[in-house]
Amino acid sequence: MKQIRIGLVGAGVVGSNLLQLLEKNRQTIQTRNQLDLQVVAIATRTPSKIQHLTQIPISTDAKSIASREDVDIVVELVGGTEIASEVVHSALKNKKAVVTANKALLSEKGDELFQLAFENGVEIGYEAAVAGSIPIIRTLRDGLSSCEFEVICGILNGTTNFILTKMEEEDWDYGTALKVAQDLGFAESDPTFDVEGIDAAHKISLLASLAYRSKVPFSNLKVEGISKLKSIDIQASKSLGYRIKLLGISKITNGGILTKVHPTLVPLNHPLANVMNESNAVFYKTVEAGAGMVTGKGAGGLPTASAVLADLIYYGSRIRIQDKILENNSYPISKKSREQENKVRNYLRFSTLDKPGVLSEIARILGKNDISIASVQQKESEKEPVNVIVVTHESNEGNFAQSLSEIDKASFIKEKTVAIRLLENL
Ligand code: HSE
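In this text, residue positions in the sequence shown follow our numbering: the first is -9, and each later residue adds one.
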């Protein structure tokens, strides 16, 4: 039986779950995969939290693990881009395979790390970095490797999906829902990464790189989170036949790859609309295989640890086979700005005085900017300022930006107008 020696760096929520899962599944993995996975070294900032899970000595020196002679695979679960980057660089230079859940690191420094891995004849496994337990990396890299992608988009952050679900179903406020998500171990250590869409942006940049076999740098993405959303937007969207989801979207346009993250009105009958709580989903459209979606738990210690362990089994079995991920660069990154390029429909919520001429002024400015209105809603029971909700037909993003900057200057507008894009025709 092949023995694979593992050095674990970082033993927080995911790391401690991994130790337990390895123990529980040891025999099954030996029988099924002819693989004996042995953790031989651990480094964590807080050894006392995992002392009860293991017999081996626990160090606080993360970097030393990457150069140990008796380690074949380094599992990096530190997170962030500082110590993690040093650990991964050192491991690769020492010709050790790396398994990581670190989307920020790969999204920001993946280019140089995959190159370094290639030069040293080792691999980087990152199934756990995108959408937790969902095997989307392998689905894109292997299962759909014969396909040309038109679009890939998804619900890629469990925390924000949990918050949106609870705000809708339980009528919780935003703060309560975030606190529960943090208590359940879904959130990043800095929750702004979740709620401002940065975590989802890291993930969609990795998926897009793989789907299009091209570089899709994180720095190129336009990102909006959910912190500006209010309960009224969630309820009003539902009455219009939509559910708001934070989507990471990457598609091929005439100019190249266009990748972005923003809250989106998804029709209730679209499969993405029914992905609830901390679940994630990735929806894709390809030329050859058509459309499909994979869904499952995208956050939480045990689901994420299950993906780390799957990578350990996979890379442990393959060790020393080379695999260069980003090879072709088939598509350029779109040079045009999203505003010039992208046509969208929008949900607009104006907070306005209820007096003559307001609606006609809003309609005039929208019309002047080539935006056609599809529906208008105002509830008679509301007190001033009232919410006027307009759903539009398609127009350029730049036309919306121009209109809203004009409309928001009017004295009858009492709050910055909320604009949420509708899901494009997928
Ligand atoms: N904070 C992330 C989420 C965890 O909420 O999805 C998994 O990346």
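The beta-carbon is built from N, C-alpha and C at its ideal position, and this holds for glycine as well.
Leaving out five residues on either side along the sequence, give the residues of the same chain with a beta carbon under 6 Å from the beta carbon of residue i.
| i | result |
| --- | --- |
| K314 | In this prediction, K314 has a pLDDT of 40, which is less than 50 and means its spatial position is unreliable; nothing more can be read from the coordinates. |
| M283 | P261, A271, F273 |
| L299 | L11 |
| S123 | G286, K287, P293, S296, A297 |
| V3 | G175, G291 |
| V277 | E138 |
| I410 | P253, L255, Y337 |
Using beta carbons (cut-off 9 Å, strictly below), is residue i in contact with chain D?
| i | result |
| --- | --- |
| I239 | The structure shown contains no chain D; it is built from a single protein chain. |
Compare the C-alpha of residue i against each of the options and name the closest.
| i | options | result |
| --- | --- | --- |
| A31 | A56, F402, R22 | A56 |
| E384 | S38, D101, N415, D173 | N415 |
| G187 | E214, G286, R339, G245 | E214 |
| D417 | Q45, L67, A33, Q41 | Because residue 417 is not part of the residues shown, which for the chain are -9 to 416, the question remains open. |
| K373 | G5, A201, K404 | K404 |
| V265 | K250, L237, T276, D301 | L237 |
| N147 | H252, L230, F104 | H252 |
| S80 | A94, L103, K93 | L103 |
| V65 | K85, I127, A91 | A91 |
| A198 | K218, K275, G175 | K275 |
| V185 | T44, L174, I194, L168 | L168 |
| G357 | V380, L343, T342, D344 | V380 |
| R308 | K333, K86, Q105 | K86 |
| N332 | L82, I222, I247 | I247 |
| T249 | S269, Y232, N259, A190 | A190 |
| L200 | I224, S229, A177, Y116 | Y116 |
| Q172 | L106, E268, L134 | E268 |
| N386 | Q17, N377, T407, N359 | N359 |
| K93 | G111, R(-5), I194, N7 | I194 |
| G306 | T155, Y164, I114 | I114 |
| T150 | L134, R131, E178, S135 | E178 |
| Q105 | L130, V78, A118 | V78 |
| S362 | N377, S371, K369, N389 | N389 |
| F183 | S217, S136, T155, G165 | S217 |
| T21 | I126, G280, Q(-7) | Q(-7) |
Whose C-beta lies closer than 7 Å to the C-beta of residue i among residues of the same chain, with five residues either side of it excluded?
| i | result |
| --- | --- |
| E317 | Note on E317: pLDDT 47, under 50, position unreliable in the model; the coordinate value appears next. Only R203 meet the Cβ criterion. |
| N84 | A56, S57 |
| E396 | I355 |
| I311 | Because the pLDDT of I311 is 40, which lies under 50, any placement of that residue in the model is unreliable, and the number read from its coordinates should be weighed accordingly. Excluding positions up to five away in sequence, the list is empty. |
| E76 | K53 |
| V112 | L82, K85, K86, A87 |
Within the same chain, show all residues whose beta-carbon is closer than 8 Å to that of residue i, passing over the 5 residues directly before and after it, in chain order.
| i | result |
| --- | --- |
| A263 | Y232, R233, K235, V256, P257 |
| S227 | R233, I234, L255, Y337, I410 |
Determine contact between the stretch 233 to 247 and the stretch 133 to 143, defined as no fewer than three beta-carbon pairs at a distance below 8 Å.
yes
Measuring CB atoms only, is the stretch 146 to 159 touching the stretch 49 to 68, in the sense that at least three cross pairs come out at less than 8 Å?
no
Residues near ligand 1, CB to any non-hydrogen atom under 6 Å, in chain order?
G122, N147, G148, T149, F176, A177, E178, D184, D189, G288, A289
Quick check: the stretch 20 to 29 against the stretch 98 to 107, are there 3 or more CB pairs under 8 Å?
no
Quick test of the definition: if touching needs 3 or more C-beta pairs under 8 Å, does the stretch 392 to 408 touch the stretch 333 to 351?
yes
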